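Notes follow once the structure below has been shown.
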Amino acid sequence: MQLLLLHLDDALELQPDFVRSCMMAGAHEVSDKESGSAIRLWGRRQALDAVWRNLAKAAPLAREGSRLCFMGSGDFHHVTALLLSLALERCRQPVTVIHIDNHPDWVHFANGMHCGSWINKALEQPLVKKVITLGVCSHDLKSPERKGANLVPLSDGRLELYPYMHPPSKVKSSYGSGPSFSQIDGALHWQSISELGEANFVDKLLGRIQTEAVYVTIDKDVLSDADAVTNWDQGCMQLPYVLWLLSEIGEHHRVIGADVTGDYSTPQYGGDFYTRTMKKAEVLIDQPFRRRDMMATRNINSAANHALLEVLSELMP
181 MQLLLLHLDD ALELQPDFVR SCMMAGAHEV SDKESGSAIR LWGRRQALDA
231 VWRNLAKAAP LAREGSRLCF MGSGDFHHVT ALLLSLALER CRQPVTVIHI
281 DNHPDWVHFA NGMHCGSWIN KALEQPLVKK VITLGVCSHD LKSPERKGAN
331 LVPLSDGRLE LYPYMHPPSK VKSSYGSGPS FSQIDGALHW QSISELGEAN
381 FVDKLLGRIQ TEAVYVTIDK DVLSDADAVT NWDQGCMQLP YVLWLLSEIG
431 EHHRVIGADV TGDYSTPQYG GDFYTRTMKK AEVLIDQPFR RRDMMATRNI
481 NSAANHALLE VLSELMP
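Under my numbering, the sequence shown is numbered contiguously, ending at residue 497.
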């Protein structure tokens, strides 16, 4: 396994103990904060292509290798689509993407990628058989069509979504039913982890992964406040349960790559005045304002990263 620290912001640098542990484990570091400020929240194709090239040349993988990447704030979750693309160049077999997040990341977004749109780009990959999203609790599910969600993959069966807990989602179009939902009277009724039971859900999830290979992406905003401090609203999952899920997935499937986002960092936006203004306005709408104790933030996030590193390192060749 190749361990990669991708510095698009200062989130990981604020956790020196974690960075030191990674370097002792032989980690590569790629620093590209200029691109980070350009693509934070969302980026256009040219800026995203620059990040892709830097990833490809700065830390090349061996033909049979897998990569575990820690990359700072969840504002950069769309970089997962780039990391997935690089992993598939070496895998060349069908893959299931396991997406653990408090947000579904399924909105339409033209001429680039948004941290809330990258699922669509991942599903464009011919080798991606399915994306399974789990852990969502956010209001993004309240009226998903009004918030720009692309629900076609859900209807087609290429996307399954299992909230941790959430009431039915109001919709106007017809989407039928699938393994993770059923439509009743203008609403999508979800099979949630809390209603199924955490232990029962592990069995259900393993039964829904129909490929040998999996790619895992984790946004720590899926975790409760006790286990993570992020830029976003946070979910209800506990870190030990996420670690158990990962261990069970790794025991039954080959993990070809993984990434972790969801560390807190103070936003810095690049681009012209209009772009910076648009992103700041979006943050005011979508991200909660909270005063953060930076020492507590460092300690909580570093502890979670250490635990995720330990478990994922055991699962990846």
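Don't be surprised by glycine CBs; every beta carbon is placed ideally from N, CA and C. Fair warning: this is a prediction, and the values are worked out from it, not measured in the lab.
**Message:** Let me check understanding here. Comparing Cα to Cα, which of 411, 358, 250 and 452 lies closest to residue 445?
**Reply:** 411
**Coil, strand or helix - residue 432 by DSSP** = helix
**Prompt:** In whole angstroms, what separates the C-alpha of residue 208 from that of residue 364?
**Reply:** 50 Å
**Request:** Please classify residue 319: does DSSP put it in a helix, a strand, or coil?
**Result:** helix
**Message:** For residue 481, which residues in the same chain have their Cβ closer than 7 Å to its Cβ, ignoring the five residues on either side in sequence?
**Reply:** 195, 408, 409, 443 and 444
**Prompt:** Taking just the CA atoms, how far does residue 282 sit from residue 372?
**Reply:** 13 Å
**Prompt:** Does DSSP classify residue 414 as helix, strand or coil?
**Reply:** coil
**Message:** Counting C-beta neighbours from all protein chains within 10 Å, is the total for residue 381 16 or more, i.e. buried, or is it exposed?
**Reply:** buried
**Request:** Determine the DSSP secondary structure at residue 480, reduced to helix, strand or coil.
**Result:** helix
**Message:** Can you give me the C-alpha to C-alpha distance between residue 142 and residue 221, rounded to a whole angstrom?
**Reply:** In the structure as shown, the chain begins at 181 and stops at 497. Residue 142 is therefore absent and cannot be evaluated.
**Request:** Spell out a yes or no on whether the stretch 266 to 279 and the stretch 350 to 366 are touching, meaning 3 or more CB-CB pairs, one atom from each, closer than 8 Å.
**Result:** no
**Item:** Rounded straight-line distance, which links the Cα of residue 198 to that of residue 426
**Value:** 20 Å
**Asked** For residue 293, which residues does DSSP report across the bridge?
**Response** 223
**Prompt:** What residues in its chain sit with their C-beta under 7 Å from that of residue 317, if we drop five residues either side in the sequence?
**Reply:** 282, 343, 344, 345, 346, 415 and 416
**Prompt:** Who are the near neighbours of residue 360 in its chain, counting only those whose CB is closer than 6 Å to its CB and skipping five residues on each side?
**Reply:** 340, 341, 342 and 371
**Prompt:** Between residue 478 and residue 250, what straight-line distance do the alpha-carbon atoms span, to the nearest angstrom?
**Reply:** 15 Å
**Message:** At the level of alpha carbons, what is the spacing between residue 393 and residue 366?
**Reply:** 36 Å
**Request:** Please work out which residues of its chain come closer than 8 Å, Cβ to Cβ, to residue 468, disregarding the five sequence neighbours upstream and downstream, and give them in chain order.
**Result:** 412 and 413
**Message:** With a threshold of 7 Å on Cβ separation, who are the neighbours of residue 257 within its own chain once the five nearest residues in sequence on each side are excluded?
**Reply:** 285, 295, 298, 399 and 441
**Prompt:** Between residue 247 and residue 437, which are expected to be in contact by the criterion C-beta below 8 Å, what is the C-beta distance as a whole number of angstroms?
**Reply:** 5 Å
**Prompt:** Does the beta-carbon of residue 253 have 16 or more other beta-carbons within 10 angstroms, so that it is buried, or is it exposed?
**Reply:** buried
**Asked** Which residue from 202, 228 and 465 puts its Cα closest to that of residue 320?
**Response** 465
**Message:** Do residue 206 and residue 183 count as a contact pair if the criterion is CB distance below 8 Å?
**Reply:** yes
**Message:** Using 8 Å as the threshold, is the C-beta distance between residue 265 and residue 305 below it?
**Reply:** yes
**Request:** Count the other C-beta atoms from every protein chain shown that fall within 10 angstroms of the C-beta of residue 401, then say buried if there are 16 or more, exposed otherwise.
**Result:** buried
**Message:** Can you give me the C-alpha to C-alpha distance between residue 245 and residue 492, rounded to a whole angstrom?
**Reply:** 14 Å
**Request:** Could you check if residue 357 is buried or exposed, using at least 16 other CB atoms within 10 Å of its CB as the buried criterion?
**Result:** exposed
**Request:** Per DSSP, which residues does residue 342 bridge with? Please list them.
**Result:** 314
**Asked** By DSSP, does residue 405 sit in helix, in strand, or in coil?
**Response** coil
**Prompt:** Comparing alpha-carbon positions, which option in 213, 218, 267 and 217 lies nearest residue 181?
**Reply:** 267
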